[in-house]
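>
There are 2 protein chains.
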Amino acid sequence: MAPETEPGSEPAAQPDTRPEMEIVHLLRAVAVELGLHSARFASRNRMHATDVRALIALMDARRAGEEMTAGRLGAALGLNSAGTTALLDRLEGAGHVRRVRGAADRRKVVVEVEEGAVELGRSFFGPLIERSVELLRGYDDHQLAAIRGFLGGVRQAAAAEQSPAPSPSRSSAPPAGRSPRDT
Amino acid sequence: MAPETEPGSEPAAQPDTRPEMEIVHLLRAVAVELGLHSARFASRNRMHATDVRALIALMDARRAGEEMTAGRLGAALGLNSAGTTALLDRLEGAGHVRRVRGAADRRKVVVEVEEGAVELGRSFFGPLIERSVELLRGYDDHQLAAIRGFLGGVRQAAAAEQSPAPSPSRSSAPPAGRSPRDT
DNA sequence: AGCGAATATCTCGCTCGACGAGATAATAGG
DNA sequence: CCTATTATCTCGTCGAGCGAGATATTCGCT
Numbered sequence: 001m002a003p004e005t006e007p008g009s010e011p012a013a014q015p016d017t018r019p020e021m022e023i024v025h026l027l028r029a030v031a032v033e034l035g036l037h038s039a040r041f042a043s044r045n046r047m048h049a050t051d052v053r054a055l056i057a058l059m060d061a062r063r064a065g066e067e068m069t070a071g072r073l074g075a076a077l078g079l080n081s082a083g084t085t086a087l088l089d090r091l092e093g094a095g096h097v098r099r100v101r102g103a104a105d106r107r108k109v110v111v112e113v114e115e116g117a118v119e120l121g122r123s124f125f126g127p128l129i130e131r132s133v134e135l136l137r138g139y140d141d142h143q144l145a146a147i148r149g150f151l152g153g154v155r156q157a158a159a160a161e162q163s164p165a166p167s168p169s170r171s172s173a174p175p176a177g178r179s180p181r182d183t
Numbered sequence: 001m002a003p004e005t006e007p008g009s010e011p012a013a014q015p016d017t018r019p020e021m022e023i024v025h026l027l028r029a030v031a032v033e034l035g036l037h038s039a040r041f042a043s044r045n046r047m048h049a050t051d052v053r054a055l056i057a058l059m060d061a062r063r064a065g066e067e068m069t070a071g072r073l074g075a076a077l078g079l080n081s082a083g084t085t086a087l088l089d090r091l092e093g094a095g096h097v098r099r100v101r102g103a104a105d106r107r108k109v110v111v112e113v114e115e116g117a118v119e120l121g122r123s124f125f126g127p128l129i130e131r132s133v134e135l136l137r138g139y140d141d142h143q144l145a146a147i148r149g150f151l152g153g154v155r156q157a158a159a160a161e162q163s164p165a166p167s168p169s170r171s172s173a174p175p176a177g178r179s180p181r182d183t
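Quick note, the sequences are listed as chains A and B, same order.
For the first sequence, counting from 1, position 153 maps to 153 in UniProt numbering; every step adds exactly one.
For the second sequence, counting from 1, position 80 maps to 80 in UniProt numbering; every step adds exactly one.
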């Protein structure tokens with residue numbers, strides 16, 4: 001039967017000592033640490049987690065050359081329209097973004113990141129990115145392939161995990177596990 | 001002048017095309033995906049992000065054979081005592097944990113995870129962990145060392161990052177980073 | 001053109017997680 | 001024992017995000 005490990009205490013299922021677990025926990029630790037890093041950036045600039053996620057989404061879009069509308073941003077963050085409006089009010093009030101009426105479709109509100117916010121982000125996340133690149137330079141192609149493969153595999157596993165309906169998955173993953181959307 | 005990339009649009013600083021950036025972004029994507037995975041677990045079980053983090057902290061402690069008190073848990077999550085009490089009320093109400101008065105020090109409240117919650121977590125995160133282990137088995141020691149090294153390095157970089165404590169700007173930016181703690 | 005349906009965002013009222021301040025209970029020290 | 005300290009809980013409040021619905025703009029159909 002199950003061996004007791006701590007008399008007088010919980011069963012405390014034995015730990016799973018496979019050597020691979022070390023890396024699995026390490027990955028989780030990195031994810032947590034990156035989250036805390038963002039949180040630090042947030043509170044340091046009087047923002048909340050959502051605001052930071054929004055800025056990142058906006059910069060990603062900018063980098064990709066696409067314009068980000070209020071609706072798309074809200075969808076990307078899993079917020080409904082009311083929450084999105086509140087988010088934009090906050091970001092705009094803080095001077096991080098600017099609302100611009102859509103040129104083609106004037107119902108839309110295109111959200112543009114202020115140069116200052118970009119700079120703010122770069123100054124905070126830049127060093128971490130540089131350090132990461134530096135670390136990666138120390139590995140050969142065989143190793144880089146492993147890192148890529150492992151991260152890509154975990155990402156897929158975490159993303160695809162138990163989805164009952166294997167319907168056409170849009171290119172950039174929908175809100176996942178969430179879809180408040182109104183209207 | 002900086003070369004224009006998109007006429008009629010923002011300056012949109014050019015993308016940083018270094019090949020290492022692919023992995024950097026991949027790591028970020030994994031972190032995001034793991035976060036969403038937890039969020040999925042949370043909403044599927046009518047919990048919030050904090051509740052899941054709490055359960056994880058509790059199970060980590062359990063695995064390490066330490067007992068987790070209300071105070072230590074709150075500190076680990078960055079909650080103040082009021083928030084911690086509310087959190088425990090929620091978790092206990094949902095039947096995921098149990099409050100037990102400290103045996104030695106009866107002021108303390110030891111939080112114990114119910115077996116059902118452990119099972120719930122295992123059934124949700126288990127497959128992802130198994131898949132990760134499986135992926136890792138496909139690499140040789142040289143590659144595993146790279147994965148470990150990279151993740152460990154990024155973790156350190158994200159954790160240690162800039163904390164020079166410039167000047168205690170009390171009233172305006174108190175929570176800075178972490179440790180609300182009251183008392 | 002003209003009108004109703006669809007779409008994009010905003011406004012209002014509410015819920016609930018988290019905070020600050022302080023109350024209560026138990027322990028440790030002299 | 002009496003006081004300082006520690007651990008948790010209670011109470012009142014703030015604010016992020018939700019649901020419902022209002023408003024503005026565009027699209028499709030006849």
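C-beta: ideal position from N, C-alpha, C; glycine also.
#1: Classify Thr69/B as helix, strand or coil using the three-state DSSP reduction.
#2: Is the CB-CB distance between Gly95/B and Thr84/B below 8 Å?
#3: Using 8 Å as the cut-off, can you tell me whether the region 142-150 of chain B makes contact with the region 51-64 of chain B, which would need three or more C-beta pairs spanning the two stretches below that distance?
#4: Helix, strand or coil: which one does DSSP assign to Pro19/B?
#5: Between the region 114-123 of chain B and the region 116-126 of chain A, do three or more beta carbon pairs fall short of 8 Å?
#6: Using the DSSP secondary-structure output, state which residues sit across from Glu112/B in a beta bridge.
#7: Note down, in chain order, every chain B residue with its Cβ under 8 Å from the Cβ of Ala35/A.
#8: Have a look at Gly152/A, Ala158/A, Gln156/A, Ala157/A and flag the residue whose alpha-carbon is nearest the alpha-carbon of Val24/B.
#9: Span of the alpha helix (DSSP H) holding Ala82/B?
#10: Please name the residue, chosen from Thr50/A, Ala70/A, Gly35/A, that lies closest to Ala157/B on a Cα-to-Cα basis.
#11: Closest to Leu91/B by CA distance: which of Ala103/B, Ala104/B, Asn80/B, Ala70/B is it?
#12: Buried or exposed for Glu22/B, please, with buried defined as at least 16 other CB atoms from any protein chain shown within 10 angstroms of its CB.
#13: Gly138/B: which of Ser132/A, Asp16/A, Glu20/A sits nearest, CA to CA?
#14: How is Gln14/A classed by DSSP in three states: helix, strand or coil?
#15: If the cut is a Cβ gap below 8 Å, which residues of chain A does Glu20/B touch?
#16: Expressed to the nearest angstrom, what Euclidean distance is found between the alpha-carbon atoms of Ser132/B and Val154/A?
#17: Report buried or exposed for Asp16/A, applying the criterion of at least 16 other Cβ atoms within 10 angstroms of its Cβ.
#18: Give the residues of chain A in contact with Ala159/B, contact being defined as C-beta atoms less than 7 Å apart.
#19: Counting only the same chain and skipping the five closest in sequence on each side, list residues whose C-beta sits under 7 Å from that of Val52/A.
#20: Would you mind reading off the limits of the alpha helix (DSSP H) that contains Ala49/B?
#21: Which class does Arg107/A belong to by DSSP, given the choice of helix, strand or coil?
#22: Using a Cβ-Cβ cut-off of 6 Å (strictly less than) and excluding sequence neighbours within five positions of Val110/A, which residues of its own chain qualify?
#23: Determine the burial state of Glu134/A: buried for a count of at least 16 other Cβ atoms within 10 Å of its Cβ, exposed for fewer.
#24: Are Ala76/A and Ala57/A closer than 8 Å when you measure CB to CB?
#25: Report the residue from Val97/B, Glu130/B, Lys108/B, Phe150/B whose alpha carbon sits nearest the alpha carbon of Ala54/B.
#26: Within the continuous alpha helix (DSSP H) that includes Ala148/A, where are the two ends?
According to the structure shown:
#1: If you number the second sequence from 1, residue 69/B lands on position 69. Thr69/B falls in the strand class under three-state DSSP.
#2: Within the second sequence, the letter at position 95 stands for residue 95/B. Within the second sequence, the letter at position 84 stands for residue 84/B. Contact check for Gly95/B against Thr84/B fails: the beta carbons are separated by 8 Å or more.
#3: no
#4: Counting from 1 along the second sequence, the entry for residue 19/B is found at position 19. Residue state, collapsed to three classes: coil.
#5: no
#6: What you label residue 112/B is simply residue 112 of the second sequence in a count that begins at 1. Looking at the DSSP assignment, Glu112/B forms a beta bridge with Arg98/B.
#7: Start at 1 with the first residue of the first sequence, and residue 35/A comes out as number 35. Correcting the residue identity first, residue 35/A is Gly in this sequence and not Ala. Residues of chain B passing the Cβ test: Ala31, Gly35.
#8: Here residue 24/B corresponds to residue number 24 of the second sequence, with the count starting at 1. When only C-alpha atoms are compared, the closest one is Gly152/A.
#9: Numbered from 1 along the second sequence, position 82 holds the residue referred to as residue 82/B. From DSSP, the alpha helix (DSSP H) with Ala82/B extends over 81-93.
#10: Walking along the second sequence from the start, residue 157/B turns up at place 157. For the residues Thr50/A, Ala70/A, Gly35/A, the minimum Cα distance to Ala157/B belongs to Gly35/A.
#11: Against the second sequence, residue 91/B aligns to sequence position 91. Considering only alpha carbons, the answer is Ala70/B.
#12: Within the second sequence, residue 22/B is the residue found at index 22, counting from 1. When all chains shown are included, Glu22/B counts as exposed.
#13: In the second sequence, residue 138/B corresponds to position 138, counting from 1. Closest option to Gly138/B, Cα to Cα, is Glu20/A.
#14: Looking up residue 14/A in the first sequence gives position 14. It is coil, neither helix nor strand.
#15: By one-based count along the second sequence, residue 20/B stands at place 20. Correct list: Ser132, Val133, Leu136, Arg137.
#16: If you number the second sequence from 1, residue 132/B lands on position 132. If you number the first sequence from 1, residue 154/A lands on position 154. If I take the Cα positions, the gap works out to 6 Å.
#17: Within the first sequence, the letter at position 16 stands for residue 16/A. Asp16/A comes out exposed.
#18: By 1-based counting over the second sequence, the position of residue 159/B is 159. Residues of chain A passing the Cβ test: Glu33.
#19: Sequence index remark: in the first sequence, residue 52/A carries index 52 (1-based). So the list reads Ser38, Phe41, Ala42, once near-sequence residues are dropped.
#20: Start at 1 with the first residue of the second sequence, and residue 49/B comes out as number 49. Element bounds for Ala49/B: 49-63.
#21: Counting from one through the first sequence, the residue named residue 107/A turns up at place 107. DSSP places Arg107/A in coil when its eight states are reduced to three.
#22: Numbered from its first residue, the first sequence carries residue 110/A at position 110. The answer, listed in chain order, is Glu67, Thr69, Val100, Gly102.
#23: For this step, residue 134/A is matched to residue 134 along the first sequence. Glu134/A is exposed by the Cβ-count criterion.
#24: Indexing the first sequence from 1 puts residue 76/A at position 76. Indexing the first sequence from 1 puts residue 57/A at position 57. Yes.
#25: As a first step, residue 54/B is located in the second sequence; it is residue number 54 there, counting from the start. Of the candidates Val97/B, Glu130/B, Lys108/B, Phe150/B, the one whose C-alpha sits nearest the C-alpha of Ala54/B is Val97/B.
#26: As a position in the first sequence, residue 148/A is number 148, starting the count at 1. As written in the sequence, residue 148/A is Arg, which differs from the Ala given in the question. Unbroken alpha helix (DSSP H) run through Arg148/A: 141-160.
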